[in-house]
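**Student:** I am attaching a structure below and will ask some questions about it afterwards.
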Amino acid sequence: MRPYERERDACGIGFVADAEGRSSRGIVDAALDALCRVKHRGAVASDRFTGDGAGLLLPLPAWLVGHGREDDRTGLAMLFLDPADPGPARGAVEAACAGEGVEVTGFREVPVEPSALGAQARASAPCIEQAILRCPLGGDNAALERRALLARRRIECSARRDGLGLYVASLSFKTVVYKALCAADALPNFYPDLADERYEAWFSLFHQRYATNTLPTWERAQPFRLLAHNGEINTIRGNAAAMTAREGHLGGGLPDALLHPAVDEDTSDSGILDQTLELLLRGGRDLAHAAAMLVPPAWANDPDPEVRHFYRWHECLTEPWDGPAAVVMADDDRVVARLDRNGLRPLRVALCDDGLVACSSEAGAVDTRGHGPVTRTRLGPGQALVVDPGAGGVIHDPEVKARLARRAPYGDWLRRHARTRGTGEPLAEAGPNVLARQVAAGYTKEEFTVVIRPMAVDGAEPTSSMGDDTPQPPL
48 MRPYERERDA
58 CGIGFVADAE
68 GRSSRGIVDA
78 ALDALCRVKH
88 RGAVASDRFT
98 GDGAGLLLPL
108 PAWLVGHGRE
118 DDRTGLAMLF
128 LDPADPGPAR
138 GAVEAACAGE
148 GVEVTGFREV
158 PVEPSALGAQ
168 ARASAPCIEQ
178 AILRCPLGGD
188 NAALERRALL
198 ARRRIECSAR
208 RDGLGLYVAS
218 LSFKTVVYKA
228 LCAADALPNF
238 YPDLADERYE
248 AWFSLFHQRY
258 ATNTLPTWER
268 AQPFRLLAHN
278 GEINTIRGNA
288 AAMTAREGHL
298 GGGLPDALLH
308 PAVDEDTSDS
318 GILDQTLELL
328 LRGGRDLAHA
338 AAMLVPPAWA
348 NDPDPEVRHF
358 YRWHECLTEP
368 WDGPAAVVMA
378 DDDRVVARLD
388 RNGLRPLRVA
398 LCDDGLVACS
408 SEAGAVDTRG
418 HGPVTRTRLG
428 PGQALVVDPG
438 AGGVIHDPEV
448 KARLARRAPY
458 GDWLRRHART
468 RGTGEPLAEA
478 GPNVLARQVA
488 AGYTKEEFTV
498 VIRPMAVDGA
508 EPTSSMGDDT
518 PQPPL
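Heads up, the sequence shown is in this note's numbering, so the first residue is 48 and it goes up one at a time.
Quick look at the structure:
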């Protein structure tokens, strides 16, 4: 038997998509079935029914917003409101959306079945409503999604300022998130919308949470607004601090309150990653590009110099979000799966002859029977898979890297703009008050001796022992 101490638990994630972008009820059913098959990845509370959280991220269907989507100017906000007094939160949503030129045409009370929840989940359940949105100003999809981001930021600012019980699970003109603090198999029972035969989609992300470093809550259930994540971001404190340090460079003239804080550190590491991905995406990059910046492979020895130039350039812009991580993402234009550089979380892939693409944290989560011959593979360390119906369907890792690397002359940019200083090269004099500044910054003599000096002289990594040399009380 396998020793107990070698057992590991992690979230169940994945996506189901059609490589040609054809919407069907079968995609939604396949995602719900897959979610049930990874139910064992999550835990349940003492009431045996309250789970760590489960959900789907799907394209926004026309029937849900009341009329045709041919101009794509109709959107939806999925809202978790204070059940005791949802009125002020509705007013805040209307005012915030109006500030971005988005009209709230009405609120829809989302049909739910509380009996599908455990007692603990029912006790903390929010009032779940959807705000139907209309943007008369128009604009392309990217402009509409940027406007949606700013509208959501305004809502969050109002909620913080006025102490409102309000969480925006999603606000988009393209996608919607259905998630709950329930077990995976209870999700379609809790949300009858998901069982509606009219609900068709060309893709669906699914996620069964296993709560590790944060407690289960309705807000921390996944997927978030763009991604579902399995693993831990071990560098999360440094990543979040770096995003906070960049706040002064965000906004392009927008009020500080809209983009400050850059990330909400009260959420989980997955939530902070999602917020950062969203900022990169709304800043003009596509999903595959933004994901490559945040979760890069071990690229230094890649044989293609253009690929090395791409990652070297972006290394100057943002630090990697490292740790065991399998991430699936979607924005209605494309679906992306990406694995961390060490390959410490699994992602299995099934490519069916009829165009069905299934990716999940374990083989067999998605039923591929009836879809013709199946090619099975898996993502390796640092690899990506993209499903983009508008750019050839399924794009595998070598082509993903090549396309990203050839979008701009990154090598030329590095030669013209990058500046490096060799190890041991002297710098200019630090000035007479350097000691006072070092003390104010908290530096110690030991840190200079065992960390900074080896870095400067030998190019060593910033490592040192964590021993405590404080004298014992008797001494």
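We treat Cβ as the ideally placed atom computed from N, Cα and C, and that holds for glycine.
These numbers come from a predicted model, not from an experiment.
May I ask you to report which of helix, strand or coil DSSP gives residue 86?
**Tutor:** Helix at residue 86.
**Student:** Taking the beta carbon of residue 369 as the centre, do at least 16 other beta carbons fall within 10 Å, making it buried, or is it exposed?
**Tutor:** Residue 369 is buried by the Cβ-count criterion.
**Student:** Tell me the residue span of the beta strand (DSSP E) that contains residue 222.
**Tutor:** Here the beta strand (DSSP E) through residue 222 covers 222-227.
**Student:** Using CA atoms only, rank isn't needed, just tell me which of 68, 61 and 62 is closest to residue 401.
**Tutor:** Of the listed residues, the one whose Cα sits closest to residue 401 is 68.
**Student:** Along the chain, where does the alpha helix (DSSP H) that runs through residue 155 open and close?
**Tutor:** No alpha helix (DSSP H) contains residue 155, which is instead part of the beta strand (DSSP E) from 150-156.
**Student:** Rounded to the nearest angstrom, what separates residue 182 and residue 215 at their Cα positions?
**Tutor:** Going by the C-alpha atoms only, they are around 18 Å apart.
**Student:** Quick check: what's the CA-CA separation for residue 363 versus residue 317?
**Tutor:** Going by the C-alpha atoms only, they are around 23 Å apart.
**Student:** Please report the straight-line C-alpha distance between residue 48 and residue 276, rounded to a whole angstrom.
**Tutor:** Its pLDDT being 43, under 50, residue 48 is placed unreliably in this model, and the value from its coordinates should be taken loosely. The straight-line gap from Cα to Cα measures roughly 30 Å.
**Student:** Taking the runs of the alpha helix (DSSP H) that are 4 residues or longer, which of them lie wholly in the region 322-353?
**Tutor:** Counting whole runs of 4 or more residues, the region 322-353 contains the alpha helix (DSSP H) stretches 334-341.
**Student:** Let's test the definition: count the other Cβ atoms within 10 Å of the Cβ of residue 64 and tell me whether it reaches 16, buried, or not, exposed.
**Tutor:** The residue in question, residue 64, is buried, as its Cβ has 16 or more Cβ neighbours within 10 Å.
**Student:** Residue 230 and residue 96 look like a contact to me (Cβ under 8 Å); what is the Cβ gap, rounded to whole Å?
**Tutor:** Contact holds; Cβ gap of about 7 Å.
**Student:** Does the count of Cβ pairs from the region 422-436 and the region 91-107 closer than 8 Å reach three?
**Tutor:** At 8 Å Cβ cutoff, the stretches do not touch.
**Student:** Measure how close the beta-carbons of residue 166 and residue 228 come, nearest whole angstrom, since I'm counting them as under 8 Å.
**Tutor:** No, residue 166 and residue 228 are not in contact; Cβ-Cβ is about 11 Å, not under 8 Å.
**Student:** Bridge partners for residue 277 per DSSP, in chain order?
**Tutor:** Beta-bridge pairing links residue 277 to 373.
**Student:** Suppose you measure from the CA of residue 200 to the CA of residue 257; what does that come to, to the nearest Å?
**Tutor:** When rounded, the distance between both Cα atoms is 28 Å.
**Student:** Hey, could you find the ends of the alpha helix (DSSP H) residue 257 is sitting in?
**Tutor:** From DSSP, residue 257 is part of no alpha helix (DSSP H); its letter is neither H nor E.
**Student:** Going by beta-carbon coordinates alone, are residue 373 and residue 408 separated by less than 8 Å?
**Tutor:** Cβ atoms of residue 373 and residue 408: closer than 8 Å.
**Student:** Under three-state DSSP, which class holds residue 204?
**Tutor:** Reduced to three states, the DSSP call for residue 204 is helix.
**Student:** Hey, out of 222, 139, 175 and 197, whose CA is closest to residue 209's CA?
**Tutor:** Of the candidates 222, 139, 175 and 197, the one whose C-alpha sits nearest the C-alpha of residue 209 is 139.
**Student:** Going by alpha carbons, who is nearest to residue 151 out of 175, 174 and 112?
**Tutor:** Per the Cα distances, 112.
**Student:** Does DSSP classify residue 52 as helix, strand or coil?
**Tutor:** Residue confidence is low: residue 52 scores 35 on pLDDT, short of 50, so the model does not pin down where it sits. No coordinate-derived value is stated.
**Student:** Using 8 Å for Cβ pairs, my map puts residue 329 next to residue 193. What's the rounded Cβ distance?
**Tutor:** About 5 Å separates the two Cβ atoms, so the contact holds.
**Student:** Since residue 270 contacts residue 252 with CB under 8 Å, what's their CB separation in whole angstroms?
**Tutor:** 5 Å between Cβ atoms; contact.
**Student:** Hey, residue 136 and residue 213: beta-carbon distance below 8 Å or not?
**Tutor:** In this structure, residue 213 lies closer than 8 Å to residue 136 by Cβ.
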